[in-house]
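In this note's numbering, the protein residues as written are 1 to 421.
Beta carbons: idealized from backbone N, C-alpha and C, even for Gly.
Structure record follows, encoded as structure tokens.
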């Protein structure tokens, strides 16, 4: 059997024949043979092209069938009577019934009893709607197990037999994930409720304990001072020193109890949010710090400050603590320079309190927001170390957060967010 020439060889031979000149005086029969040869080659070219197109169509059909049959979702076609006219292998697999038994069966026979009325109303609506329709319902498989599914349906276009095309998606994993998410959400809500109750109990305990400690502490300090005054001339130096340590410790404990009371009050006695100019609150905070600012020679600027909705007394306390810390932890080699600014980001305002003080090592960024956490000794910087914990609690009570950027011997910037309702 002679080898079939490929398309390029046929085209080249056709061109050679077409360009070849017949000898002078040639017979009509020679010319006819020549034309027939050219025509034969042209036919072979057309046949070759047809074979190529046919092969591509067959490959495309095979790909379509493979994509249709083994798609990740079930494909179904329902007639107007609700019977299954076509279904792919994935769909038959989801229903766990042989495809031959599914054809001509009513699709409603696979709908769970509780969803039967919903499916009937949906089918009547979807088959007459040009737009696609969707529904979630439960099917009954061939092995009588349930199948939560999602149906995406569209009525057939004009020119086709009336009916409905559907994609069937298994929702088992999605429903399980939704149930697990719901359970986790409920567990979190319950845990949050218990945590809120526990925090309220702790705040109440801290308030009662701190309040009840004040009186015995006052007695310890007062009687210590009376002992020192009454027996000053009869006590030796060691006893006088011991009494001094006792009185000093009592004063320090009184300061800690007072701060603890202030911390416990934040969540219990906070006022309702109100609208006010944040600059006015900062001016009030600066007036309370006037003596410290004057003694330190600090320069404080406040620019681009917005109107906010906040508990005004707590906002004033918040900025007072941050500015007061900037004054307290100043660099002894240069006068304090403090700037309060704000910028709008998304749905909140970000305030910044920047200073040129001693700065903070990044290692301690989280530690400094704890209650009574100090980075310096009391003989160098006074205070109980609760100021930033109070700031953090105020900010979190209003749905914001606080963070900082700092470097030793350079300065610090404390940022805090204020929701913009």
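One or two residues paired with residue i in a DSSP bridge
{"i": "residue 136", "result": "150"}
{"i": "residue 173", "result": "Answer is none; residue 173 lacks a bridge partner."}
{"i": "residue 406", "result": "412"}
{"i": "residue 274", "result": "310"}
{"i": "residue 326", "result": "For residue 326, which the question treats as bridged, DSSP gives no partner whatsoever."}
{"i": "residue 155", "result": "164"}
Where the alpha helix (DSSP H) through residue i begins and ends
{"i": "residue 396", "result": "387-397"}
{"i": "residue 307", "result": "No alpha helix (DSSP H) contains residue 307, which is instead part of the beta strand (DSSP E) from 307-310."}
{"i": "residue 113", "result": "Taken as a continuous stretch (DSSP letters only), residue 113 belongs to no alpha helix (DSSP H), as it is neither H nor E."}
Close Cβ partners of residue i (< 8 Å) along its chain, the five nearest in sequence each way excluded
{"i": "residue 118", "result": "135 and 137"}
{"i": "residue 149", "result": "94, 136, 137, 138, 139, 168, 169, 170 and 171"}
{"i": "residue 232", "result": "240"}
{"i": "residue 63", "result": "none"}
{"i": "residue 125", "result": "133"}
{"i": "residue 75", "result": "68, 86, 87, 88, 90, 91, 165, 166, 167 and 168"}
{"i": "residue 348", "result": "400, 417, 418, 419 and 420"}
{"i": "residue 377", "result": "Per-residue confidence for residue 377 stands at a pLDDT of 49, beneath the threshold of 50, marking its modelled position as unreliable; no derived number is given."}
{"i": "residue 408", "result": "358, 359, 360 and 361"}
Close-in-space but distant-in-sequence residues of the same chain around residue i (CB under 6 Å, 5 per side omitted)
{"i": "residue 277", "result": "307"}
{"i": "residue 406", "result": "359, 360 and 412"}
{"i": "residue 401", "result": "417"}
{"i": "residue 1", "result": "Reliability fails at residue 1, whose pLDDT of 44 lies under 50, so the model's placement of it is uncertain and the value that follows must be treated cautiously. The answer is none, since no qualifying residue turns up."}
{"i": "residue 122", "result": "135"}
{"i": "residue 316", "result": "281, 284 and 285"}
{"i": "residue 399", "result": "419"}
{"i": "residue 403", "result": "415"}
{"i": "residue 337", "result": "299 and 356"}
{"i": "residue 301", "result": "339"}
{"i": "residue 79", "result": "85 and 163"}
Segment limits, beta strand (DSSP E) that includes residue i
{"i": "residue 232", "result": "First-last for residue 232: undefined, no H or E at that position."}
{"i": "residue 344", "result": "337-345"}
{"i": "residue 298", "result": "Here residue 298 belongs to no beta strand (DSSP E), and DSSP marks it neither H nor E."}
{"i": "residue 165", "result": "163-170"}
{"i": "residue 411", "result": "411-419"}
{"i": "residue 352", "result": "348-354"}
Own chain residues within Cβ distance below 7 Å of residue i, not counting five before or after
{"i": "residue 334", "result": "356"}
{"i": "residue 320", "result": "285, 288 and 289"}
{"i": "residue 70", "result": "89 and 90"}
query: Any contact of the segment 354-372 with the segment 412-419, i.e. 3+ C-beta pairs under 8 Å?
result: yes
message: In chain order, what are the residue ranges of uninterrupted beta strand (DSSP E) at least 3 long that sit wholly in the segment 36-106?
response: 74-79 and 84-87
message: Is it the case that the segment 92-102 contacts the segment 143-157, given that we only count it when at least three CB pairs across the two stretches are under 8 Å?
response: Judged by Cβ distances under 8 Å, the segment 143-157 makes contact with the segment 92-102, as three or more pairs qualify.
Inter-stretch contact (C-beta, 8 Å, three-pair minimum) for the segment 349-356 and the segment 317-336: yes
message: Under 8 Å, with one C-beta from each stretch per pair, do the segment 385-392 and the segment 293-307 reach the 3-pair mark?
response: no
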